[in-house]
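Student: Got a structure for you, questions after.
Protein chains: 2
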Amino acid sequence: MTFLEKIKSAQLKNKSKLCIGLDTSLSNIPEHLLSETNPVLTFNKAIIDATKDLACAYKPNVAYYEAYGIKGFEALEGTLAHIPEYIFTIADIKRGDIGATSDQYAIAYQEKFPFDSVTLSPYMGSDSVEPFLKRDDLGVFFLGLTSNQGAKDFQYLDLASGKKLYEEVTDKIREWNKPKNNCGLVVGATKPSELKAIRERAPELPFLIPGIGAQGGSLEEVLEANDSGIALINVSRAICGASRRMDFAEAARMAAMKFVEGMR
Amino acid sequence: MTFLEKIKSAQLKNKSKLCIGLDTSLSNIPEHLLSETNPVLTFNKAIIDATKDLACAYKPNVAYYEAYGIKGFEALEGTLAHIPEYIFTIADIKRGDIGATSDQYAIAYQEKFPFDSVTLSPYMGSDSVEPFLKRDDLGVFFLGLTSNQGAKDFQYLDLASGKKLYEEVTDKIREWNKPKNNCGLVVGATKPSELKAIRERAPELPFLIPGIGAQGGSLEEVLEANDSGIALINVSRAICGASRRMDFAEAARMAAMKFVEGMR
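Read top to bottom, the protein sequences are chains S and U.
Each residue of the first sequence is one higher than the one before, counting from 0 in numbering that gives the first Met the number 0.
Each residue of the second sequence is one higher than the one before, counting from 0 in numbering that gives the first Met the number 0.
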């Protein structure tokens, strides 16, 4: 299946646009798990088991696994192996480096850890992302417009051309998408009017939309702004942190269910 | 010691501005090492032993270790432990993400793998790098102007203010540097005239300068353009790939010696 077919098939299977962000660390999981051999992996498996009929995608945020060192990458490997084949996977890495280094990142997150897609930073330009643009079955979500305060520092800069930098980035990514139809955009959920404008600018690109739940974005407004475009709506803390007691998996399921019902 | 003191002390000790880039993978080391338990680690240790009186810094490019999976992070840990205390270390990660995720990267490359500094992408703005700006003893080199073709896509864009994007980035990083004096810039070596202009714009920032050797930058022109600023001049392939036979460590030493003599 192609990148787009994989997303569509996962969304159809569970009638869901919900992507669950697995931002797991020893400090944000229930205490009773800390005696497990690999608590992060045990936690992720329980979350996956409790939500695999609700989510269309899982997105481990690799920073959390790096911060846990070698055991973190063991957890990442085990988590990926535990995700059912029909669910879409995203390695949230936000890397970006020159060609030879980018080749290595592609080996890492397409072969060593075989994810369906990754997130990348576009900042270093075309040759820095080229190793990820070669296969139509593996995709890339590029940072388009992020929902953090610091986005103002560069992404909103006015260019001499009259565009904002994030608009120029969007246009460039539409070009990068042409050969293999395997690019998408990360667009924050906290500013629906801008999400709507970017959706109009790039109707063909799938969007990965973080910022719902703990970060304050409204699901209803996001769905309206996104119109009929393909969107993966990411929720992390509001699901994975729904309870820190014995019932954490069940609480995660209940929270996920609410989001999915809102989407349906 | 502060970030700047650490760099100066390492440079004084070996009378050298040479940073050796450890971009090590199974496919670029001598074949006779492949039977070792961890060939990447064995290779790095031999390179360090052969050059630790010549280099002022070592810079593992973390992409290469990620591409090697869990064994790669074991190699990274062992490499870091093998670098003498008096030599400066840089984790070349080029990460950049929102605050909570950036916190995790800081844990990963300041605590779990205790490097003296990292490279980061500035693209997501101030709150995305803030976790790295808290300590005056640990530094950050931000992508300023890179030497790859793709740099043209965004870094050279003309802004409405009259600046180029990389000039705006440089100015912003001078601001970020103020509280703790712990920021630097990555500036490619292949365009000395631009290096000179950025040096004039940011005389106080240490530069990490890749692009010498295999990428074609001239050492003499770079030294002249950098003037009296603090610079770490990175060479990877021209040293670590000097020979792929039994004599690889000796060949690396000879290559490193030539660069250091050119600097002295």
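Just so you know, even glycine gets a beta-carbon here, dropped at the ideal spot from N, CA and C.
None of the values given here were measured: they were computed from a predicted structure.
1) Nearest to Ile46 (chain S) by alpha carbon, out of S:Leu158, S:Glu223, S:Met262, S:Ser242?
2) The alpha helix (DSSP H) that contains Asp273 (chain S), what's its start and end?
3) Flag this pair as yes or no: are the beta carbons of Asn147 (chain S) and Ser120 (chain U) separated by less than 8 Å?
4) With the cut-off set at 8 Å, would you say Ile232 (chain U) and Ile211 (chain U) are in Cβ contact?
5) Does the beta carbon of Pro59 (chain S) come closer than 8 Å to any beta carbon on chain U?
6) So, at 7 Å on beta carbons, what are the nonlocal neighbours of Asp157 (chain U) in its own chain, with the 5 sequence-adjacent residues on each side left out?
7) Thinking Ser140 (chain S) and Val168 (chain S) are a contact (beta carbons under 8 Å), I'd like their distance in whole angstroms, please.
8) Using a C-beta to C-beta distance shorter than 7 Å, which residues of chain U count as neighbours of Leu158 (chain S)?
9) Express the C-alpha separation of Asn37 (chain U) and Ile208 (chain S) in angstroms, rounding to a whole number.
10) Output needed for Asp220 (chain U): all residues of its chain with C-beta closer than 7 Å, excluding positions within five of it in sequence on either side, in chain order.
11) For Asn181 (chain U) versus Asp135 (chain U), is the C-beta distance shorter than 8 Å?
12) Do we get a CB-CB distance below 8 Å when we pair Ser120 (chain U) with the residues of chain S?
13) Name the residue from S:Leu79, S:Ser24, S:Glu193 whose alpha carbon lies nearest to the alpha carbon of Gly68 (chain S).
14) How about Asp48 (chain S): is its C-beta nearer than 8 Å to some C-beta of chain U?
15) Could you spell out where the alpha helix (DSSP H) holding Ala252 (chain U) opens and where it closes?
16) Figure out for me which residue from S:Ala250, S:Phe258, S:Arg252, S:Arg244 has the closest Cα to the Cα of His31 (chain S).
17) Using the beta-carbon count (16 or more within 10 Å), is Lys151 (chain U) buried or exposed?
18) Using only the alpha-carbon positions, how far apart do Arg236 (chain U) and Gly20 (chain U) sit?
19) From Val117 (chain U) to Lys58 (chain U), what distance separates their C-alpha atoms?
20) Which residue from U:Ala250, U:Gly261, U:Asp170, U:Tyr122 puts its Cα closest to that of Ile300 (chain U)?
21) Who are the near neighbours of Asn13 (chain U) in its chain, counting only those whose CB is closer than 7 Å to its CB and skipping five residues on each side?
22) Roughly how many whole angstroms lie between the Cα atoms of Phe112 (chain U) and Val39 (chain U)?
23) With DSSP as the reference, please indicate the residues paired to Ala90 (chain S) in a beta bridge.
24) Listing by chain order, which chain B residues have their CB less than 7 Å from the CB of Thr100 (chain S)?
25) Just curious, the alpha helix (DSSP H) that Ile232 (chain U) is in, first and last residue?
26) To be precise: take each residue of the region 85-100 of chain U, compare its Cβ to all Cβ atoms of chain S, and keep it if any distance is under 9 Å. Which residues remain?
27) Against chain U, with Cβ distances strictly below 8 Å, would Gly77 (chain S) count as a contact?
28) Between which two residues does the alpha helix (DSSP H) carrying Lys16 (chain S) extend?
29) For Thr88 (chain U) and Phe72 (chain U), I'd like the C-alpha separation in whole angstroms.
30) Start and end of the beta strand (DSSP E) containing Leu207 (chain U)?
31) Assuming Glu193 (chain U) and Leu144 (chain U) are in contact, meaning their beta carbons sit under 8 Å apart, how far apart are those beta carbons, in whole angstroms?
32) Helix, strand or coil: which one does DSSP assign to Gly149 (chain S)?
33) Using a Cβ cut-off of 8 Å, which residues of the region 22-46 of chain S contact any Cβ in chain U, in chain order?
34) Measure from the alpha carbon of Lys108 (chain S) to the alpha carbon of each residue in S:Lys257, S:Leu222, S:Glu76, S:Tyr122, then state which is nearest.
35) In the region 136-149 of chain S, which residues sit with their C-beta less than 9 Å from some C-beta in chain U, listed in chain order?
Tutor: According to the structure shown:
1) Residue mapping note: residue 46 (chain S) aligns to position 47 of the first sequence, counting from 1. When each option's Cα is compared against that of Ile46 (chain S), the closest is S:Ser242.
2) A question about residue 273 (chain S) goes unanswered here, because the residues of chain S that appear run from 0 up to 263.
3) The residue given as residue 147 (chain S) occupies position 148 in the first sequence. The residue given as residue 120 (chain U) occupies position 121 in the second sequence. Taking 8 Å as the Cβ cut-off, Asn147 (chain S) and Ser120 (chain U) do not qualify as a contacting pair.
4) Along the second sequence, one-based indexing puts residue 232 (chain U) at 233. Along the second sequence, one-based indexing puts residue 211 (chain U) at 212. Ile232 (chain U) places its beta carbon less than 8 Å from that of Ile211 (chain U).
5) Sequence index remark: in the first sequence, residue 59 (chain S) carries index 60 (1-based). No, Pro59 (chain S) does not count as interfacial toward chain U.
6) Counted from its first residue, the second sequence places residue 157 (chain U) at position 158. Same-chain partners within the cutoff: Lys163.
7) Residue numbering aside, residue 140 (chain S) sits at position 141 when the first sequence is read from its first letter. Residue numbering aside, residue 168 (chain S) sits at position 169 when the first sequence is read from its first letter. Residue identity differs from the one stated: residue 140 (chain S) is Phe in this sequence, not Ser. So it is not a contact: roughly 12 Å between Cβ atoms.
8) Position 159 of the first sequence, counted from the first residue, corresponds to residue 158 (chain S). Those within 7 Å of Leu158 (chain S) in chain U are Leu156, Asp157, Leu158, Ala159.
9) In the first sequence, the residue the question calls residue 208 (chain S) occupies position 209. In the second sequence, the residue the question calls residue 37 (chain U) occupies position 38. Computed Cα separation, rounded: 40 Å.
10) As a working note, residue 220 (chain U) is residue 221 in the second sequence. Just to set this straight, residue 220 (chain U) is Glu in the shown sequence, not Asp. Pro191, listed in sequence order.
11) By 1-based counting over the second sequence, the position of residue 181 (chain U) is 182. By 1-based counting over the second sequence, the position of residue 135 (chain U) is 136. Taking 8 Å as the Cβ cut-off, Asn181 (chain U) and Asp135 (chain U) qualify as a contacting pair.
12) Here the question's residue 120 (chain U) lines up with position 121 in the second sequence. Taking Cβ atoms only, chain S reaches closer than 8 Å to Ser120 (chain U), which makes this a yes.
13) Position 69 of the first sequence, counting from 1, holds the residue named residue 68 (chain S). Residue S:Ser24 is the option with its Cα nearest to Gly68 (chain S).
14) One-based indexing of the first sequence puts residue 48 (chain S) at position 49. So, not an interface residue.
15) On the second sequence, position 253 is the one that residue 252 (chain U) refers to. Sequence inspection shows Arg at residue 252 (chain U); the Ala mentioned does not correspond to that position. That run of the alpha helix (DSSP H) goes 247-262.
16) In the first sequence, residue 31 (chain S) corresponds to position 32, counting from 1. Of S:Ala250, S:Phe258, S:Arg252, S:Arg244, the residue nearest in Cα terms is S:Arg244.
17) What you label residue 151 (chain U) is simply residue 152 of the second sequence in a count that begins at 1. When all chains shown are included, Lys151 (chain U) counts as exposed.
18) Here residue 236 (chain U) refers to the residue found at position 237 of the second sequence. Here residue 20 (chain U) refers to the residue found at position 21 of the second sequence. Going by the C-alpha atoms only, they are around 8 Å apart.
19) Mapped onto the second sequence, residue 117 (chain U) falls at position 118. Mapped onto the second sequence, residue 58 (chain U) falls at position 59. Distance between the alpha carbons of Val117 (chain U) and Lys58 (chain U) is about 9 Å.
20) This structure cannot settle anything about residue 300 (chain U), because the visible part of chain U is limited to 0 through 263.
21) Along the second sequence, one-based indexing puts residue 13 (chain U) at 14. Correct list, in chain order: Asp52, Leu53, Ala54, Cys55.
22) The count along the second sequence starts at 1 and reaches residue 112 (chain U) at position 113. The count along the second sequence starts at 1 and reaches residue 39 (chain U) at position 40. Their backbone Cα atoms lie some 17 Å apart in a straight line.
23) Along the first sequence, one-based indexing puts residue 90 (chain S) at 91. Per DSSP, S:Val117.
24) Of the protein chains in the structure, S and U, none is chain B.
25) Translated into the one-based positions of the second sequence, residue 232 (chain U) becomes position 233. From DSSP, Ile232 (chain U) is part of no alpha helix (DSSP H) but of the beta strand (DSSP E) over 230-234.
26) Asp91, Ile92, Lys93, Arg94, Gly95, Asp96, Ile97, Gly98, Ala99, Thr100
27) Residue numbering aside, residue 77 (chain S) sits at position 78 when the first sequence is read from its first letter. No, because no Cβ of chain U sits closer than 8 Å to the Cβ of Gly77 (chain S).
28) Taking the first residue of the first sequence as position 1, residue 16 (chain S) is located at position 17. Taken as a continuous stretch (DSSP letters only), Lys16 (chain S) belongs to no alpha helix (DSSP H), as it is neither H nor E.
29) Along the second sequence, read from residue 1 onward, the residue named residue 88 (chain U) stands at position 89. Along the second sequence, read from residue 1 onward, the residue named residue 72 (chain U) stands at position 73. If I take the Cα positions, the gap works out to 16 Å.
30) Within the second sequence, the letter at position 208 stands for residue 207 (chain U). Start and end: 206-208.
31) Looking up residue 193 (chain U) in the second sequence gives position 194. Looking up residue 144 (chain U) in the second sequence gives position 145. Right, their Cβ atoms sit about 6 Å apart.
32) As a working mapping, residue 149 (chain S) is identified with position 150 in the first sequence. Here Gly149 (chain S) sits in coil by DSSP.
33) Of all residues in the region 22-46 of chain S, Asp22, Ser24 have a Cβ within less than 8 Å of some Cβ in chain U.
34) Here residue 108 (chain S) is taken as the residue at index 109 of the first sequence, counted from 1. Lys is not the amino acid found at residue 108 (chain S); the sequence shown has Tyr there. Taking only the C-alpha atoms, the option nearest Tyr108 (chain S) is S:Glu76.
35) Leu142, Thr145, Ser146, Asn147, Gln148, Gly149
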